[in-house]
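Under our numbering, think of the first position of the sequence shown as 6, with each following residue one higher.
The C-beta atom is built at its ideal place from N, Cα and C for all residues, glycine as well.
Quick caveat: nothing in here was measured; it's all calculated off a predicted structure.
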Amino acid sequence: MVFEFLKREPEAPPPNPVLLLAEAQEFLKEENFEGALGKFDELCSLPVQSPLPLLSRATCRLHLKKYEGVVEDCEKVLKFLNSDVDGHAEEGCTTVHSLALMRMAKAYKELGRLDDSKSALMRKNALEHKLGRDTLDNDGDNAEGGDPEEAARKEREIAEEWKEKGNVEYKKENWAAALDHYKNGLVYDMYNAKIHGNACMALIKMKRWPQALKHAEQCIALEPKWVKGYYMKGMVLSNESKIEQARDVLRQAVKMEPQNEQIKSLLDEVEQRVDYVESRLRRRKTNNNSSAADKSSVSEKDTGKHSANDSGPETNGADDNQAAVEDVDSDEEYCDDGSCRTPKKVKLQVTRKQVTDTLIDLCAAAIGVAIVWLIVARDE
Numbered sequence: 006m007v008f009e010f011l012k013r014e015p016e017a018p019p020p021n022p023v024l025l026l027a028e029a030q031e032f033l034k035e036e037n038f039e040g041a042l043g044k045f046d047e048l049c050s051l052p053v054q055s056p057l058p059l060l061s062r063a064t065c066r067l068h069l070k071k072y073e074g075v076v077e078d079c080e081k082v083l084k085f086l087n088s089d090v091d092g093h094a095e096e097g098c099t100t101v102h103s104l105a106l107m108r109m110a111k112a113y114k115e116l117g118r119l120d121d122s123k124s125a126l127m128r129k130n131a132l133e134h135k136l137g138r139d140t141l142d143n144d145g146d147n148a149e150g151g152d153p154e155e156a157a158r159k160e161r162e163i164a165e166e167w168k169e170k171g172n173v174e175y176k177k178e179n180w181a182a183a184l185d186h187y188k189n190g191l192v193y194d195m196y197n198a199k200i201h202g203n204a205c206m207a208l209i210k211m212k213r214w215p216q217a218l219k220h221a222e223q224c225i226a227l228e229p230k231w232v233k234g235y236y237m238k239g240m241v242l243s244n245e246s247k248i249e250q251a252r253d254v255l256r257q258a259v260k261m262e263p264q265n266e267q268i269k270s271l272l273d274e275v276e277q278r279v280d281y282v283e284s285r286l287r288r289r290k291t292n293n294n295s296s297a298a299d300k301s302s303v304s305e306k307d308t309g310k311h312s313a314n315d316s317g318p319e320t321n322g323a324d325d326n327q328a329a330v331e332d333v334d335s336d337e338e339y340c341d342d343g344s345c346r347t348p349k350k351v352k353l354q355v356t357r358k359q360v361t362d363t364l365i366d367l368c369a370a371a372i373g374v375a376i377v378w379l380i381v382a383r384d385e
């Protein structure tokens with residue numbers, strides 16, 4: 006059909022994350038976990054940039070006794086970089102990873118997987134102990150999770166195993182596989198700067214600059230004296246065309262290791278790019294100033310002419326008619342006092358709205374003709 010497109014249903018607008026979160030919170034206040042789960046499902050179907058929707062969905066699933074889903078969501082949460090949360094969210098949990106591990110421990114316990122439950126709880130305790138936020142009994146051991154020091158040592162060993170697996174894949178140039186191994190290592194030792202550095206290098210190879218930048222910044226935060234963190238951050242910023250920031254970071258790295266030729270080479274390259282951009286900006290500014298000066302000069306000359314013409318007595322009616330003729334868009338020559346000249350054309354100003362309105366009128370007219378044609382064809 007000619008007008009089939011007019012019958013199409015308009016596309017639904019994309020879900021509003023803020024509205025979905027507000028609706029989910031209302032369901033949680035009423036302890037309607039099924040309704041809240043539906044909203045968190047919608048939130049998690051969007052491109053996830055935060056672990057919090059996954060953690061909230063895990064909480065809903067825990068209340069609804071959907072324990073396998075709890076474990077699945079918590080494992081996804083542990084793939085994100087760790088961050089602090091309100092200490093009142095759950096006693097003994099001050100980070101997102103701690104909350105996820107605590108929920109995993111509860112889910113595993115309900116599933117009858119007691120060893121996995123104890124392991125998750127030990128990992129949570131080790132993480133809190135590493136941050137100096139754990140609560141120990143008088144004997145120095147956590148009553149539920151065993152010795153935090155021993156748990157932390159085991160986690161570091163597991164993290165190192167994942168790092169070595171990642172290094173094997175990295176040497177084979179299997180960047181994605183290497184990154185997965187490094188992320189698994191960070192699940193067990195989130196504060197290992199070397200694993201963050203390896204993950205950053207894999208992301209750089211994959212040209213995933215925003216994620217690489219996060220890991221580079223983690224390296225700097227965890228080990229401020231490790232020059233490689235600054236080098237990787239400078240490399241990422243350079244590839245994101247943030248060359249001035251890259252220059253500043255790399256200068257800091259050169260101060261730390263003045264003999265490092267790799268860093269000096271990258272810094273020289275970035276400084277050349279900065280100089281090139283600044284020279285172009287200076288040239289453009291000079292050209293703009295020159296153009297403005299030329300326009301000002303022309304304007305002053307025109308003003309002088311108008312002043313000379315305007316000086317003296319007022320003109321009569323014939324002169325007024327003459328002035329009116331000069332504004333007409335015409336190619337004809339006219340003569341004044343024996344000298345002939347061609348008037349300057351006046352450019353017609355046409356706005357985008359006028360063009361749009363004209364096109365709409367034309368389309369409406371075409372649709373009207375088509376409708377009449379269809380009616381006549383049907384009558385025949």
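Asked, Found
"What's the call for THR64, buried or exposed, on a 16-neighbour Cβ count within 10 Å?", "buried"
"Cβ of ARG62 within 7 Å of Cβ of CYS49?", "yes"
"Pull up the CB-CB distance for VAL82 and ALA105, whole angstroms please, since I reckon it's below 8 Å.", "4 Å"
"Determine whether the beta carbon atoms of ASP217 and LEU227 lie at a separation below 7 Å.", "Per the sequence shown, residue 217 should be read as Ala rather than Asp. No, these two residues do not count as a Cβ contact at 7 Å."
"If you scan the region 119–198 from start to end, which runs of the beta strand (DSSP E) of 3 or more residues do you find wholly inside it?", "none"
"Quick one: Cα of SER124 to Cα of ILE268, how far?", "42 Å"
"Which residues bound the alpha helix (DSSP H) around ASP78?", "72–82"
"According to the Cβ coordinates, are LEU184 and ALA164 closer than 7 Å?", "no"
"In whole angstroms, give me the CA-to-CA distance for TYR113 and LEU126.", "10 Å"
"Mind checking whether TYR235 and ALA251 have CB atoms under 7 Å apart?", "no"
"Any chance the CB of ASP362 is under 6 Å from a heavy atom of the ligand GDP?", "No copy of the ligand GDP occurs in the structure displayed, which carries no ligand at all."
"By a C-beta neighbour count over all protein chains shown, 10 Å radius and 16 as the cutoff for buried, is LYS168 buried or exposed?", "buried"
"Could you have a look at THR361 and say whether DSSP puts it in helix, strand or coil?", "helix"
"If you measure between the beta carbons of GLU160 and ALA181, is that distance less than 7 Å?", "no"
"Out of ARG289, VAL282, LYS34, MET237, state which residue places its alpha-carbon closest to the alpha-carbon of GLU249.", "VAL282"
"Going by beta carbon distance, what residues of the same chain come within less than 6 Å of CYS224, once the five residues before and after it are set aside?", "ALA198, HIS201, GLY202, GLY234"
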